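Residue numbers (UniProt numbering): 1 to 184. Glycine residues also receive a C-beta, built at the ideal position from the N, C-alpha and C atoms. For clarity, every value in this text was computed on a predicted model and none was experimentally measured.
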Amino acid sequence: MHIEIAQAVEFLGRLLQSKVDQDTINAFKEKLTELLKIRFQDHWDPQQPYKGNGYRAISNFNGQLDPILTLASAAVPIQPSCIHAHLPRDFVLWIDPFSVSYRVGDHGNIMTLFEDRSRGRITLKMNPVSPSHSPMLPYVQPRISTPIRISPPNSPDNNVLKIDTPPSSKKDNEEKSKDLVLAN
Numbered sequence: 001m002h003i004e005i006a007q008a009v010e011f012l013g014r015l016l017q018s019k020v021d022q023d024t025i026n027a028f029k030e031k032l033t034e035l036l037k038i039r040f041q042d043h044w045d046p047q048q049p050y051k052g053n054g055y056r057a058i059s060n061f062n063g064q065l066d067p068i069l070t071l072a073s074a075a076v077p078i079q080p081s082c083i084h085a086h087l088p089r090d091f092v093l094w095i096d097p098f099s100v101s102y103r104v105g106d107h108g109n110i111m112t113l114f115e116d117r118s119r120g121r122i123t124l125k126m127n128p129v130s131p132s133h134s135p136m137l138p139y140v141q142p143r144i145s146t147p148i149r150i151s152p153p154n155s156p157d158n159n160v161l162k163i164d165t166p167p168s169s170k171k172d173n174e175e176k177s178k179d180l181v182l183a184n
């Protein structure tokens, strides 16, 4: 949950970065992180990651700023109208176990920010060399790995399977007992 929240909060911070000063953004991100952890505490089930994803969504849709963004902005010196003005119109951000994604526009494509397909190997869709002074940095640092190519094994040779029948039915099945060839 912490990694997913950190990814979402960092993304929102990047959207506001050129419009609001860095200290205000950092304070906003800290407060938003705190509020999201409380909000998701009883609504986070890694066994059923999409259950409750509407509750975990953050939106700026139909001219309405999400209440959690309003609460976070009220705790720092930034107006909710400023956040509303600088977020994309009809914006939805989904924070689910193992995935963070967003959509801009009612019919826009869903873009993935973070995805953990293996539930152990983390994939971050961000530039690992971009500097950040965020307190969430330990949660969002990507792990550098070396990709390897794995080829599928060669097809097995034709395997011969002999069917062994019990002695009592051998006479009945003498004609039927033939070598079978298995092919994959």
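Within the same chain, Cβ atoms closer than 6 Å to the Cβ of I95 are found at E4, A8 and R56, the five residues on either side in sequence being excluded. Where L71 is concerned, the enclosing alpha helix (DSSP H) starts and stops at P67 to A74. In this structure G63 is exposed. Its beta-carbon is surrounded by fewer than 16 other beta-carbon atoms within 10 angstroms. In this structure Y102 is not in contact with L87, their Cβ atoms being roughly 10 Å apart against a cut-off of 8 Å. In the DSSP assignment, L35 falls within the alpha helix (DSSP H) that extends over Q22 to F40. Annotation for P46: P97 place their beta carbon closer than 6 Å to its own, counting only its chain and skipping 5 residues before and after.
DSSP lists S99 as the bridge partner or partners of D96. Distances from the CA of K37 to each of A6, S73 and A75 were compared; the closest alpha carbon is that of A6. Apart from sequence neighbours up to five positions away, the residues of its chain that approach L65 with a beta-carbon distance below 6 Å are P80 and H84, ordered along the chain. For V104, the beta-bridge partners assigned by DSSP are F91. Short of 8 Å from the beta carbon of S99, and not among the five residues preceding or following it, lie these beta carbons of its own chain, in chain order: E4, P49, T112, F114, E115 and D116.
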